[in-house]
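Enquirer: The sequence shown begins at 747 in the working numbering and counts up one residue at a time.
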Amino acid sequence: MSRDFVYQGTPSRVVFRVGALETLADEVARLGAARALILCTPGKRAWADDVAARLGARAAGIFDQARMHTPIETAEAARAAARDRRADCTVAIGGGSTISLAKAVALATDLPILAVPTTYSGAEMTTIWGLTEGGAKTTGRDPRAMARTVIYDPALTLGLPPAVAGPSGLNALAHCVEALYAPDGNPIVDLLAADGARALAASLPAVVAHPDDIDARSEALYGAWLAGAALGSVAMALHHKLCHVLGGSFGLPHAEVHTVILPQAAAYNCAAASAAMARLARALGVADAADVPAAIYDLAGAVEAKRALRDIGMKESDLDRAAELASADPYANPRPVTRDGIRALLDDAFFGRRPGGEHQLLRERTA
Ligand code: NAD
């Protein structure tokens, strides 16, 4: 089969090493910026103070009110702070919530973003922005939302507790899985996604078992970078749609939903995405592509993450409505998305069944 693809490179500069935060002042200068507004969550003010000290005269101020899903009021307050302080760039130090706030500022002010990610969300590698107004979240893509420079310092992730690191890493793995069967995929993204999956699967159990293992932390953050780059480059499918529905309409926690759904979504798509599953099998170290969904389920177990929707706040009585919502207006997906198919997937996810178990074999035989 001859190749047929479009590849769009992402124009960001990435500095990756233990201790990379030391380069911050040089990297701000390299952006041509002289007045950085530093963004963080309220709990991470100490990081912002440290950044301000490193930047000296190049620090224009700190805005420490970043929160999950970027409420419009928070975005407006950060934009006002940027204008009042005559900032010419933002430095976002923290997880996806903080980086998303920098994106909201960039959309209104054009300020370049220097991101220092401290979780595995991958937000720093995408043009995707999100804003919440009146309880409804709007998302979109805009080149101004792409970080101009990203400093990955694995030392900053040493404090990420295992209970956060595990699901956050599985969230990143989900980007790799869906990138490998994306309708607009390309060879570069395949390389990113496959090595991202390998790095995450190899490192996450060690991150959780030995939180001080800097090599494992480094490999997990490297995997998260690749996962974010894959997420930013191609369209996501059924898994991300389902997680969007479960998070948005039923208030379930973001990374935990990804962790529960990923093995089940992979099982749903397994037979219809054989090339992607073969690559994932190599990445995850399993012999047979059909075992990929179970390997992901086992990885979630190895990082001690919850694997059932009923354990993360879902009500069984809401499964029918979730199936309706997730099968309406579906994203492109390797296997056709049907209401009954999604309902069965949600049943397996609700009870946290291991993919490939007898219930599924029986269902496939009687289908
Ligand atoms: P988060 O940024 O909300 O961080 C969770 C908590 O952990 C915060 O209190 C934070 O201060 C703390 N924290 C962060 N790093 C830490 C560390 N190294 N050690 C100890 N504590 C730390 O969570 P998240 O999962 O990174 O991001 C979720 C948000 O990001 C959601 O709003 C999601 O929609 C968004 N997101 C956006 C994109 C995108 O492309 N735009 C991609 C993924 C996620």
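C-beta atoms are modelled at their ideal positions from N, C-alpha and C, and glycine is treated no differently.
What does the alpha-carbon distance come out to for the pair Pro951 and Ala1054?
Expert: Rounded to whole angstroms, Pro951 to Ala1054 spans 19 Å at the Cα level.
Enquirer: What are the boundary residues of the alpha helix (DSSP H) that includes Gly1098?
Expert: First-last for Gly1098: undefined, no H or E at that position.
Enquirer: How about Leu1045 and Ala1069: are their beta carbons less than 8 Å apart?
Expert: Their beta carbons are not under 8 Å apart, which means Leu1045 does not touch Ala1069 by this criterion.
Enquirer: Are the Cβ atoms of Pro1009 and Pro1101 separated by less than 8 Å?
Expert: Contact flag set, yes.
Enquirer: Hey, would you say Thr1135 sits closer than 8 Å to Ala970, going by beta carbons?
Expert: Nothing can be reported for residue 1135, as the shown portion of the chain is limited to 747 through 1113.
Enquirer: Measure the Cβ-Cβ separation of Ala901 and Leu857 and say whether it is below 8 Å.
Expert: No, these two residues do not count as a Cβ contact at 8 Å.
Enquirer: When you compare only the Cα positions, how much space is there between Asp1064 and Leu1071?
Expert: For Asp1064 and Leu1071, the distance between alpha carbons rounds to 11 Å.
Enquirer: Which same chain residues, not among the five before or five after Thr1084, have their C-beta less than 7 Å away from its C-beta?
Expert: Ser1073, listed in sequence order.
Enquirer: Does the stretch 958-968 come into contact with the stretch 843-859, if we say contact requires no fewer than three beta-carbon pairs (one atom in each stretch) closer than 8 Å?
Expert: No: the two stretches stay apart, fewer than three of their Cβ pairs being nearer than 8 Å.
Enquirer: Hey, could you find the ends of the alpha helix (DSSP H) Glu870 is sitting in?
Expert: Note, Glu870: premise wrong, no alpha helix (DSSP H); not H, not E.
Enquirer: Taking the alpha-carbon positions, what's the Ala792 to Thr816 distance?
Expert: So the alpha carbons of these two residues sit roughly 21 Å apart.
Enquirer: Name the DSSP beta bridge partners of Arg759, please?
Expert: Partner(s): Thr895.
Enquirer: Quick one: is Ala826 buried, meaning 16 or more other Cβ sit within 10 Å of its Cβ, or exposed?
Expert: Exposed: under 16 other Cβ atoms inside 10 Å.
Enquirer: Since Asn917 contacts Tyr866 with CB under 8 Å, what's their CB separation in whole angstroms?
Expert: That belief holds up - the Cβ atoms of Asn917 and Tyr866 are roughly 7 Å apart, short of 8 Å.
Enquirer: For Trp875, verify whether its CB is less than 7 Å away from any heavy atom of the ligand NAD.
Expert: Yes, since a heavy atom of the ligand NAD falls inside the 7 Å radius drawn around the Cβ of Trp875.
Enquirer: Taking the CB atoms as reference points, tell me whether Glu870 and Ala893 lie closer together than 8 Å.
Expert: The answer is yes: Cβ separation under 8 Å.
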